[in-house]
Each structure stands twice: as structure tokens, then as C-alpha cells.
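Residue numbers (the UniProt record's numbering): 1 to 511. Just below is one structure, and these are the notes that go with it.
Pasting the structure below:
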């Protein structure tokens, strides 16, 4: 901190940065959303790359004189400052900076939630989403930081003791639910889905864009938080008023869309609703393919995150398709086979290590709902204590995989016959007994709850998703192939359209 003070005393803020900060404060006070969007998504990013690529932005106290001690600006600037500290500065934030960032979020949410009438503050949707997204990320990061007690100094552990409720899961849940309630967003979404006017039930706060969008983004944050805690049922339930399978006026922020589908798909996977997980991943990956050029040109810190989440979703989709084979969009399948073909093949062969590696790579970074015991730092295997939430979820996943390990092999044999004695299948599998149990397991595992209609992602009907169906009569297996013939026409039509587009581009080039 002494070093920071010395730097602050001699620090010269570049003229171009001073001008940016003055214009940013002016745009915030005037509620000029269009100008704010341009400054936030372009100017701020360019100045960061130019002056603060791996170093912190100026301290808030050094900026205060430039913007005449504007409180609202001070809160928003600190939010950007700490976010940059987490994302770009080597070594990350110190314990005191983590606590200060939390207190700054408390100031921001108190300003918004404690007001007797809507706060006259308008920010671009992208910024609002990144505030909520970063709030959950910093909670997650603090949880991991705190759980690694063997790395913490005595001073840091003392700070944890002095601030037991800081970055506590209950305080985070309280903020998100308060934003949802204040905006009346669930009622708005319900009316919107039924074709009504959301403003008719929004109330004074809910009609304000700031509250409406923060409420919507808080629902997505709750989805993420419950997934991180391993409560997948509750994760899907919080979105029961959002119709995921339809575009809506609320889904304007690509990073929010991608995060939503990632956590929805992952929750479905862990609930063994593979058909719904495959639908979720396929839909968003197709959307990413079609908008990739625009999506990944964004120069925000979110672009890298979206890229990583896309890779994770392809990996999770590969797991789902091994466990529950079904037809998906040709272009998504083509990318999957091209980039993840080896992983698919190894998992289809029953390689448990590959399943574990894919899950470890693609799952979210789970957190514990309770902080570690600060009085007992001498526990066994201290280096692994912070991994307990992940290990618990991995065990649940791998137990399910082990139950299904023989099913792809059984499926491959059943495809070859219309009738087969059980004894013959036993010979193929080199098993003297237990084959009937595996056949019953096949029947059970292939029958899943599948969403059909409505807004709630928890509703659905039990359907058999296997392309091979069978029944057992005494010692004979009777097999029926239920596979639908592939529609090749769609694939060729898409290729023709791509060729036409390429042809137009080439013709427009002047040599």
C-alpha cells in the first residue's frame, strides 16, 4: 500500500484519459446511453490497451478532482477499476482490494435498491450485464481464494475473521433476489409471454430500463449461482418465466445469451435430461456460428470468456451425444467432429479418463456454500480442500458414466439384429450373467424427461430417445430400429446459400 501511495503522489494521468473521464462523467449525468455505449465498448477498451494493459487504472481518489467528487461516477468508476484489476493486473487483487470491491458493490446496489423512487441512472445493457456478471465472478473468485487457507498469510486469515459476511453466499443471493423483486421482472416476463404489455404490471421501478434489465440479468446470475452450488433443479426453476426457445426483446446481450445456455445445458446434463441439454447446446452453438464474425470482434474482456464458454459447450455436447445419441444440426455436428472427433471416439470406447478430463475442462468452477473453518488450518490434504465442491460433482457425474459404460456397446450389437437370444448377446459381451440388468439399465437410461412446451424448463414428458428400441420375450430380444432417415436436403441448401454469398463477395471485389 505504501508503494501505491508513492505512485499515486507522482502519478500523471494522460490528457486523453482525463478527457475521457470527464466526458464519461458528463454522459452518465446526462443519461446519454448511446454515447455511453460507444465510450464503454470502444474508448475505454482502447485506452486500457494503450495505457493500462497490465497495470491498474488511476486510483479513484486521483480521479475525484477531475470529475468534481461525483458520487455516482465514483461508484461506477471503482467497479471498472476493480474489474480491470481482476482481469488484467498480474497477481490479481490483494485481500484488502477484494474487500473494497465488495463494499463498492454494496454502495452501488444500496443506491439502486434503497431509493424511494427510481434512480435517474441509465447505462447500456452491455455494461449492466457485465456489472452483474462480474459480481458473481468476484464472489466465485473470493470463495476459491478463501478456501485455499494453506496459501493465506496470518494477516489475510485475520481479515477473513474480521469480515465474516463479506462475499457471503447469503448476501449475494439477497442482492440478486432484491433486484428481481424490485423490478417485478418475473411478473413482466409472465405477461410478455402471454402476449400482454409488461409495463402494465411493471410498477414504478420495473418500467425503468435500469431496474428492468438488472432484474432480468439477476435471474441469469441466479441460474449461474445455483449451478455453482450444485443445485441444478433450482437453477432451472429461477428461469421458469423465460421462454428460452424463443427470441425476446430481453436477449440483446450476446454474452448473457451464451452464459444462460451454458448453465442451462450443464444443469440439464447433471439432471440426466440429455435431450434438453443437447437442444440447449445445439441452439446456442448454431447461433454462435451464424454470428461469430460480430461476436468475437468485440474488444471487451467478455470476448475471451465467450470463446472459452463455446469450447466448453462443444465438449459438453460431445459428452451428451455419447450418452444419448441423436441427430443435431449438420453444421454443429461437422464442427464437433472436426475439432473434438478424438475425444468423441475415446468416450464412445468407454475411456473413463477421457470422460473425467472432458468434465474437468468443461464444468463450471464450483463453490462451497459455506466458508472454510478458519480455526482449523491444519486439516489433512490442505492443498486439495478447496477442490471439495468439484470432487463431489465429479463423483456424481462419473458414477452416472460408470452405470452407462456398457450401453454404447450393447446399442451397437442391437443395431445389427431384429431378434437375438439373450445368450448370444452374453457371448458378444463376454458376460456370463447380468446381461438382463444391463438391458433394463439401457431401457431406463434412454427414457428421459424432455421439454415439450411452456416456459418452465422443468416441465416435460418422458420420452425414449434411443434410435434402437426392443422388448424381451422369455429368452429372446426383439429389436426395432426407430431411426429417422437423414434429411440431406437441408445440408445442401445451406451449402448453396453459402456458395451464393461467397460468389456475391467475389463479384463485388474490384481488381
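All residues carry an ideal CB built from backbone N, CA and C; glycine is no exception.
ask   = To the nearest angstrom, how far is it from the Cα of residue 79 to the Cα of residue 306?
value = 21 Å
query = Can you tell me whether residue 233 is buried or exposed, with buried defined as 16 or more other CB within 10 angstroms of its CB?
reply = exposed
query = Which value, in whole angstroms, describes the spacing of the CA atoms of residue 389 and residue 192?
reply = 38 Å
key: Assigned secondary structure, residue 366 (DSSP; H/G/I helix, E/B strand, else coil)   = coil
request  = Report the rounded CA-to-CA distance for residue 254 versus residue 117, giving the unit in angstroms.
outcome  = 30 Å
query = In chain order, what residues of the same chain have a beta carbon less than 7 Å from the beta carbon of residue 229, not counting five sequence neighbours either side?
reply = 367, 369
ask   = Does the region 431-438 come close enough to the region 350-365 that 3 or more CB-CB pairs lie under 8 Å?
value = no
ask   = Nearest to residue 323 by CA position, among 285, 71, 225, 350, is which residue?
value = 350
query = Closest to residue 61 by CA distance: which of 402, 71, 335 is it?
reply = 71
query = By Cβ distance below 6 Å, which residues in the same chain neighbour residue 202 in space, the five residues on each side in sequence not counted?
reply = 184, 188
Pick from 48, 290, 309, 95 that is closest to residue 498, judged by C-alpha positions = 290
key: For residue 374 and residue 157, believed in contact at Cβ under 8 Å, the rounded distance   = 6 Å
inquiry  = For a minimum of 4 consecutive residues, which ranges assigned as the alpha helix (DSSP H) are wholly contained in the region 194-219?
reply    = 199-206
request  = Ignore the nearest five residues each way along the sequence and tell me which others in residue 14's own chain have a CB closer than 8 Å to its CB.
outcome  = 51
message = With a threshold of 8 Å on Cβ separation, who are the neighbours of residue 238 within its own chain once the five nearest residues in sequence on each side are excluded?
response = 219, 222, 223, 226
key: Assumed close pair residue 167, residue 205 - CB separation to whole angstroms, cut-off 8 Å   = 26 Å between Cβ atoms; not a contact.
ask   = What are the complete alpha helix (DSSP H) segments, minimum 4 residues, inside the region 160-189?
value = 169-183
request  = For the beta strand (DSSP E) containing residue 420, list its first residue and its last residue.
outcome  = 419-421
ask   = Taking Cβ positions, are residue 214 and residue 336 nearer each other than 8 Å?
value = no
request  = Look at the alpha carbon of residue 97 and the alpha carbon of residue 159, and state the distance between them as a whole number of angstroms.
outcome  = 12 Å
message = Three or more C-beta pairs under 8 Å: does that hold for the region 135-150 against the region 270-288?
response = no
task = Determine the extent of the alpha helix (DSSP H) in which residue 472 is found, giving its start and end residues.
result = Per DSSP, residue 472 belongs to no alpha helix (DSSP H); it is in the beta strand (DSSP E), 468-473.
Between the CA atoms of residue 347 and residue 272 - distance to the nearest angstrom = 17 Å
ask   = For residue 257, which of 267, 274, 287 has the nearest alpha-carbon?
value = 287
inquiry  = Could you tell me the alpha carbon to alpha carbon distance between residue 198 and residue 178, rounded to whole angstroms?
reply    = 19 Å
ask   = How is residue 238 classed by DSSP in three states: helix, strand or coil?
value = coil
Beta-bridge pairing of residue 270 - partner residues as DSSP gives them = Its beta-bridge partners do not exist; DSSP assigns none.
message = I'd like to check one pair, residue 123 with residue 47: are the Cβ atoms closer than 8 Å?
response = no
query = Roughly how many angstroms lie between the CA atoms of residue 266 and residue 171, to the nearest whole one?
reply = 25 Å
inquiry  = Quick check: the Cα distance between residue 315 and residue 340, rounded to an integer number of angstroms?
reply    = 7 Å
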